[in-house]
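Here the sequence shown is numbered in numbering that gives the first Met the number 0, starting from 0 and rising by one per residue.
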Amino acid sequence: MSIIQICSWKIKCCFLSLFLNVALFGLSTPLWAQGGGFAYVANWGSDNVSAYIINATTGALTPVLGSPFPAGSAPGSVTVDPTGQFAYVANTYSHNVSAYTINPATGALTPVADPPFPAGAYPAKVTVDPTGQFAYVANEVSANVSAYTINGTTGALTPVAGPPVPAGTGPSSVTVDPTGQFVYVANRDSNNVSAYRINGTTGALTPVADSPFPAGTTPYSVTVDPTGQFAYVTNCGPACGINPGNVSAYRINGTTGALTAVADFPAGSQPISVTVDPTGQFVYVANSRSSTVSAYTIDGTTGALAPVPGSPFPGGLVPHSVTVDSTGQFAYVANCGGAPGNCNAPGPPGNILAYTINPDTGALTQIAGPPFPAGTRPVSVTTTAGRPTLIHPVEPWTKSGFGFGDDWVVGDCFTKPICDPLSPRRFKHVGFDAQAGPGDPVVAAAAGSVKLVIPNGGSPFAGVVVLEHDLSGGRVTTVYWHVDPLVSQGTPVGQGEISATVAEISGAHLHFGFRSAPFDSNSNWGALPPTGTTGCIPCFSNPVPLPAFRNNWEDPQLLLFKP
Numbered sequence: 000m001s002i003i004q005i006c007s008w009k010i011k012c013c014f015l016s017l018f019l020n021v022a023l024f025g026l027s028t029p030l031w032a033q034g035g036g037f038a039y040v041a042n043w044g045s046d047n048v049s050a051y052i053i054n055a056t057t058g059a060l061t062p063v064l065g066s067p068f069p070a071g072s073a074p075g076s077v078t079v080d081p082t083g084q085f086a087y088v089a090n091t092y093s094h095n096v097s098a099y100t101i102n103p104a105t106g107a108l109t110p111v112a113d114p115p116f117p118a119g120a121y122p123a124k125v126t127v128d129p130t131g132q133f134a135y136v137a138n139e140v141s142a143n144v145s146a147y148t149i150n151g152t153t154g155a156l157t158p159v160a161g162p163p164v165p166a167g168t169g170p171s172s173v174t175v176d177p178t179g180q181f182v183y184v185a186n187r188d189s190n191n192v193s194a195y196r197i198n199g200t201t202g203a204l205t206p207v208a209d210s211p212f213p214a215g216t217t218p219y220s221v222t223v224d225p226t227g228q229f230a231y232v233t234n235c236g237p238a239c240g241i242n243p244g245n246v247s248a249y250r251i252n253g254t255t256g257a258l259t260a261v262a263d264f265p266a267g268s269q270p271i272s273v274t275v276d277p278t279g280q281f282v283y284v285a286n287s288r289s290s291t292v293s294a295y296t297i298d299g300t301t302g303a304l305a306p307v308p309g310s311p312f313p314g315g316l317v318p319h320s321v322t323v324d325s326t327g328q329f330a331y332v333a334n335c336g337g338a339p340g341n342c343n344a345p346g347p348p349g350n351i352l353a354y355t356i357n358p359d360t361g362a363l364t365q366i367a368g369p370p371f372p373a374g375t376r377p378v379s380v381t382t383t384a385g386r387p388t389l390i391h392p393v394e395p396w397t398k399s400g401f402g403f404g405d406d407w408v409v410g411d412c413f414t415k416p417i418c419d420p421l422s423p424r425r426f427k428h429v430g431f432d433a434q435a436g437p438g439d440p441v442v443a444a445a446a447g448s449v450k451l452v453i454p455n456g457g458s459p460f461a462g463v464v465v466l467e468h469d470l471s472g473g474r475v476t477t478v479y480w481h482v483d484p485l486v487s488q489g490t491p492v493g494q495g496e497i498s499a500t501v502a503e504i505s506g507a508h509l510h511f512g513f514r515s516a517p518f519d520s521n522s523n524w525g526a527l528p529p530t531g532t533t534g535c536i537p538c539f540s541n542p543v544p545l546p547a548f549r550n551n552w553e554d555p556q557l558l559l560f561k562p
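Set out below in structure tokens:
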């Protein structure tokens, strides 16, 4: 909004107070378009987590604003819950687990209200079950597994009743099968795999009969394919890092969780991480010492592995972790750096390599350009499912006037609002003013439903259109101000559909807002007490408190837009 518009229209406050009291309701229309989601990397040496936006077309990574985010001491593992709401990091030297909420629009991490949650001695890996109810941590030195329930609202962890369950010696990896019934732990120093049944109500673990099951020498990592039929374990082998390692394949008894060995398959030197793509066709292994990635096809009947043509594929220096995104299009490898087989040694810094996956063969092709920077000693990488991709409501996308979070303090017009002079406050701009001229088309940034239309009544403020969208990260709202609406309340709109034109007003432009939550009757303002930065303030003469800035409003400049 321009200063002229804001201060020349003396009844604007009362007009917006009517707008604030309009209740908007839910939307059942599913949304289609997905972006690439986010990637997260635990940086062992810099005690933080790097976050990236994944380009859904190319697989390239762009750092999230504010990245990297602080973690505990020596974060060795990062995982994301299946809803994409929460991230968890196992901090090896501080013996705890950091928990974060994930901003569904930007990918930024915010620590949950609680401090890091205690774990056992030297937690090596953390994972979340497919229901999102339970988290499990493999503790290397205390040789056990910590179990937690997850608060679905806050992401906070509560230890499951009872002590951590015993594992083998040096448990270095933990995973949950896709049915949510069984947990598997690779015990590096006792050369076996522990298996447990999950109590679906409490999250408690009970050892499976005949557990632990034999593995190869120095098993580092364990994973289960998406069908729940097969498990795979990387074995570093005798004189780990000197001789080639291998991958043990097992068939899983779907009733008991017991493992039956299939065979061992050759890998590179010091295979330290294993993952299966979401289609269940391919297995990928990061070979730390040989700086390669081995790729295999899975026999869907037996679980046996066969090398993909061209395997192994070049990796970076000391590849320590490999993962595949939820679409199965891209693979990511965290390269620890340092010296071959030893990322603690002096040497080049670590980074992230990205690959495209051939959907027919499983072959890897490194995407164009240099590796993506990370923190110091990146040792773990994971991704979230794709998120919605937006398009710009007007083109070109150029700032005109206020940006997100700018102060709206213009004399008495805003320090003392006209319709409530006894409640002084500061206002923050909760959208982005985009350059546009009268009559320019304004399109829907995403498919959804029209929830509110305020016609252009001839005032300098003009009209408003509010849309709601069901996106993969949850229900969101987009708002288009200073327009002549062309749509009707209650009707569906498609992405790119013209929903309004820019109104012919002084200082014409489009004000676009994005809120990563359903619209509510008090969400339209971004307001603060005159000297404060947080808290609630009176909503005009209404006793309902007005949420302070930023109340889930996001900076549109930080969203992922289609090119």
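All residues carry an ideal CB built from backbone N, CA and C; glycine is no exception.
To the nearest angstrom, report how far apart residue i and residue j are at their CA atoms.
i: residue 487; j: residue 507; result: 23 Å
i: residue 553; j: residue 88; result: 25 Å
i: residue 121; j: residue 71; result: 12 Å
i: residue 516; j: residue 477; result: 10 Å
i: residue 388; j: residue 53; result: 11 Å
i: residue 62; j: residue 394; result: 25 Å
i: residue 596; j: residue 350; result: Nothing can be reported for residue 596: it is not among the residues displayed for the chain, which extend from 0 to 562.
i: residue 340; j: residue 396; result: 47 Å
i: residue 272; j: residue 169; result: 16 Å
i: residue 235; j: residue 69; result: 31 Å
i: residue 192; j: residue 467; result: 48 Å
i: residue 423; j: residue 152; result: For residue 423, the predicted model reports a pLDDT of 49, less than 50, meaning its position is unreliable; a value from the coordinates is still stated below. For residue 423 and residue 152, the distance between alpha carbons rounds to 34 Å.
i: residue 160; j: residue 180; result: 18 Å
i: residue 483; j: residue 452; result: 10 Å
i: residue 490; j: residue 327; result: 35 Å
i: residue 77; j: residue 35; result: 18 Å
i: residue 198; j: residue 379; result: 28 Å
i: residue 518; j: residue 86; result: 25 Å
i: residue 497; j: residue 392; result: 9 Å
i: residue 382; j: residue 428; result: 32 Å
i: residue 551; j: residue 143; result: 39 Å
Per DSSP, residue i is paired with what?
i: residue 139; result: The partner list for residue 139 (beta bridge, DSSP) is empty, contrary to what the question assumes.
i: residue 235; result: The partner list for residue 235 (beta bridge, DSSP) is empty, contrary to what the question assumes.
i: residue 477; result: 466, 513
i: residue 434; result: 508
i: residue 372; result: 350
i: residue 121; result: Note: residue 121 sits in no beta bridge, so no partner.
i: residue 552; result: 514
i: residue 156; result: 149
i: residue 62; result: 51
i: residue 304; result: 297
i: residue 100; result: 85, 109
How far does the beta strand (DSSP E) with residue i in it reach, from first residue to last?
i: residue 186; result: 181-186
i: residue 85; result: 85-90
i: residue 311; result: Note, residue 311: premise wrong, no beta strand (DSSP E); not H, not E.
i: residue 389; result: Run containing residue 389: none; DSSP gives neither H nor E here.
i: residue 75; result: 74-79
i: residue 190; result: That residue, residue 190, is in no beta strand (DSSP E); it is neither H nor E in DSSP.
i: residue 292; result: 291-297
i: residue 107; result: Run containing residue 107: none; DSSP gives neither H nor E here.
i: residue 447; result: 447-453
i: residue 284; result: 281-286
i: residue 379; result: 377-382
i: residue 364; result: 363-365
i: residue 320; result: 318-323
i: residue 326; result: Segment: none, residue 326 is in no beta strand (DSSP E) and carries neither H nor E.
Apply the 10 Å Cβ neighbour rule to residue i and answer buried if 16 or more other Cβ atoms are within range, or exposed otherwise.
i: residue 556; result: exposed
i: residue 262; result: exposed
i: residue 276; result: buried
i: residue 174; result: buried
i: residue 241; result: exposed
i: residue 558; result: buried
i: residue 299; result: exposed
i: residue 75; result: buried
i: residue 505; result: exposed
i: residue 367; result: exposed
i: residue 398; result: exposed
i: residue 233; result: buried
i: residue 112; result: exposed
i: residue 503; result: exposed
Checklist entry - What residue ranges within the region 330-359 form continuous beta strand (DSSP E) runs of no fewer than 3 residues, ordered along the chain? => result Counting whole runs of 3 or more residues, the region 330-359 contains the beta strand (DSSP E) stretches 350-356.
Item to check | Whole beta strand (DSSP E) elements within the region 198-269, 3-residue minimum | outcome: Those beta strand (DSSP E) runs which fall completely within the region 198-269 and span 3+ residues are 204-206, 218-223, 229-234, 243-251, 258-268.
Checklist entry - Which full runs of the beta strand (DSSP E) of 3+ residues lie inside the region 479-520, going along the chain? => result Runs of the beta strand (DSSP E) inside the region 479-520: 497-501, 508-514.
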